[in-house]
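Note sheet for the following structure.
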Amino acid sequence: MSRYIVKRLLQGIPLLLIISIILFVLMMNMGDPIATMGGKSMTRPADRERLTRQLGLDQPIYLQYLYWLIGNDWAKIDMDGDGVPETPGTRRGALRGDFGTSLVNRGKPVITVIAERIPNTLLLMLASEVVIIIGALLVGIYSALRQYSAMDHIVTALSFIGYSMPIFFIALLSMYLFAVLFKRWGLPYLPTVGMFDPQVGKTPAQVAWHMVLPVLSLSVISLAAYSRYLRSTMLEVMNQDYIRTAKSKGLPRREVVYTHALKNASLPIVTVIGLDLPLLLAGAVVTERIFAWPGMGRLFLDHVARSDLPVVMGILMLVATAVVVFQIITDVVYAWLDPRIRYEQ
133 MSRYIVKRLL
143 QGIPLLLIIS
153 IILFVLMMNM
163 GDPIATMGGK
173 SMTRPADRER
183 LTRQLGLDQP
193 IYLQYLYWLI
203 GNDWAKIDMD
213 GDGVPETPGT
223 RRGALRGDFG
233 TSLVNRGKPV
243 ITVIAERIPN
253 TLLLMLASEV
263 VIIIGALLVG
273 IYSALRQYSA
283 MDHIVTALSF
293 IGYSMPIFFI
303 ALLSMYLFAV
313 LFKRWGLPYL
323 PTVGMFDPQV
333 GKTPAQVAWH
343 MVLPVLSLSV
353 ISLAAYSRYL
363 RSTMLEVMNQ
373 DYIRTAKSKG
383 LPRREVVYTH
393 ALKNASLPIV
403 TVIGLDLPLL
413 LAGAVVTERI
423 FAWPGMGRLF
433 LDHVARSDLP
443 VVMGILMLVA
453 TAVVVFQIIT
463 DVVYAWLDPR
473 IRYEQ
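In our numbering, the protein residues as written are 133 to 477.
Set out below in structure tokens:
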């Protein structure tokens, strides 16, 4: 298994390099970072020329990418525009953890800007994933064991409704129901913006209370999909010969379901969950914006709107790396659940 993991990691390196080249070319054609740095005022021609040299935007795009990837501390830069490169570069490059500096947060390293928001997004994503997995297991197993019952039909209908709704509609609907209507009816209502009440402070209880609606919005679609997957795989496994043999030997129903059937029925779900984890970040982009949650998704939208290319590039590469890493983790968990899989062969 260790050889397989190392092999997959080595395969991921050229893949990430290709992704970085494509993203870099797209980012360079996305907007005008010099205009962004000028704010509301028009950037003067002399300042535009100076900033273009300082940011390296006057260089060919392949050289800009090379500086972004491996840094420019091995080269000299023409900072005064006299045609003679005399100033040593200071960038270390993405391979050494230097993704440049934010254009919006003047001079602040991209890594620092992203690191300030990652914990908030991870908190939201992990809480949503826990809700999704536990909810899907409960709903999927219950629905499979009571196939074609009245509750099975109700759960199936609710799952299709939940799966068919876009995430922004779920967010707005939950805000109207649990905040607006609950407040109108005199019931305890949920907060709709921010991470905590400034008058109370950032306490664990306040953060958990403010997480309810964003987590609900992020969880509904995936929970509906996973519960359908789990129901179908559980029904397929429960009709296998080894399950009938286990039942005929008189094993307790709980042991047959949770020890023998659920483990094999979970195999397709593991693949879906592993690939879906990085995609939760895409859902967080919309959710964090609607609920004003100070996470990485909201940071991404804010900096895209202001053409802060170093920060946007850093976030996209972080997501691409997460996809590769979670795919490898998925394969490892898959092999652990299914002893028939041997990656060494």
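From the three backbone atoms N, C-alpha and C, an ideal C-beta is built for every residue, glycine too.
Assignment of beta-bridge partners to residue 241 by DSSP yields 233. In the three-state scheme derived from DSSP, where H, G and I count as helix and E and B as strand, residue 426 is classed as coil. Looking from the CA of residue 270, the closest CA among 214, 284, 150, 161 belongs to 284. Pairing residue 446 with residue 253 gives a Cβ-Cβ distance that is not under 9 Å. The beta-carbon separation of residue 358 and residue 404, rounded to 7 Å, stays under the 8 Å limit for a contact.
CA-CA distance, residue 245 to residue 443, rounds to 8 Å. In the DSSP assignment, residue 311 falls outside any alpha helix (DSSP H) and carries neither an H nor an E. Restricting attention to 435, 327, 312, 134, the CA atom closest to the CA of residue 321 is found in 312.
Residue 220 carries a strand assignment under DSSP once its states are collapsed to helix, strand and coil. Where residue 196 is concerned, the enclosing alpha helix (DSSP H) starts and stops at 193 to 202. Residue 348 and residue 340 have their C-alpha atoms spaced approximately 12 Å apart.
For the set 280, 141, 381, 397, the Cα lying nearest the Cα of residue 366 is the one of 397. Residue environment analysis places residue 239 among the exposed positions, since fewer than 16 neighbouring C-beta atoms fall within 10 angstroms of its C-beta.
DSSP places residue 395 within a helical segment (H, G or I) once states are collapsed to three. In the DSSP assignment, no residue is bridged to residue 381.
The alpha-carbon of residue 260 is positioned some 27 Å away from that of residue 331. Between residue 191 and residue 211, the beta carbon gap of about 13 Å keeps them out of contact (Cβ cut-off 8 Å).
Secondary structure note for residue 439: it is in no alpha helix (DSSP H), with a DSSP letter that is neither H nor E. Counting along the chain, residue 184 sits inside the alpha helix (DSSP H) bounded by residues 177 to 187.
Taking residue 325 as reference, the option from 139, 214, 421, 193 with the minimal CA-CA separation is 421. Rounded to whole angstroms, the Cβ separation of residue 355 and residue 264 is 5 Å, and the two are in contact under 8 Å. Judged by their CB atoms, residue 226 and residue 206 are not nearer to each other than the 9 Å cut-off.
Judged by pairs of C-beta atoms under 8 Å, the stretch 449 to 465 touches the stretch 139 to 153, as three or more such pairs exist.
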